[in-house]
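> Numbering (my numbering), first residue to last: 127 to 254.
Cβ coordinates follow ideal geometry from the N, Cα and C atoms, glycine included.
1) Please state whether the Cβ-Cβ distance between residue 210 and residue 158 is less than 9 angstroms.
2) From the DSSP secondary-structure annotation, give me the bridge partner or partners of residue 167.
3) Assign residue 144 to one of three DSSP states: helix, strand, or coil.
4) Closest by CA to residue 235, which one among 222, 173, 193, 224?
5) With DSSP as the reference, please indicate the residues paired to residue 173 in a beta bridge.
6) Can you check whether the CB of residue 237 is closer than 9 angstroms to the CB of residue 133?
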């Protein structure tokens with residue numbers, strides 16, 4: 127499923143460098159393209175209200191922009207992914223979601239630290 131591909135490849139892209147990062151970014155964008163197609167013309171995956179799939183994929187709306195910020199990737203390009211961008215904004219503006227998000231500053235610090243911790247493991251995977 128695109129969501130599993132997305133999570134795995136975006137994580138690799140966040141923590142790796144060089145050709146491994148480039149390959150993971152491409153795979154992440156491929157998965158985002160599949161998700162973009164599923165959202166075409168809809169506010170949420172199920173239509174006009176948040177549903178199960180929105181909750182499963184909700185991490186995309188908050189964590190991917192943070193990952194983009196700390197790794198200079200630009201995965202969620204609003205011009206390339208207008209439907210994901212609209213969905214992301216709708217999702218994050220919902221009071222049930224908005225009122226329970228972790229502070230962005232702490233999220234950035236957490237993922238900066240985590241990506242540095244995982245970088246050696248990603249480098250060893252490249253050479254394995």
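In short:
1) In this structure, residue 210 sits near residue 158, with a CB-CB distance shorter than 9 angstroms.
2) DSSP lists no partner for residue 167.
3) In the structure shown, residue 144 sits in a helix (DSSP, three-state: H, G or I).
4) The shortest C-alpha separation from residue 235 is found at 193.
5) Looking at the DSSP assignment, residue 173 forms a beta bridge with 170.
6) Their beta carbons are not under 9 angstroms apart, which means residue 133 does not touch residue 237 by this criterion.
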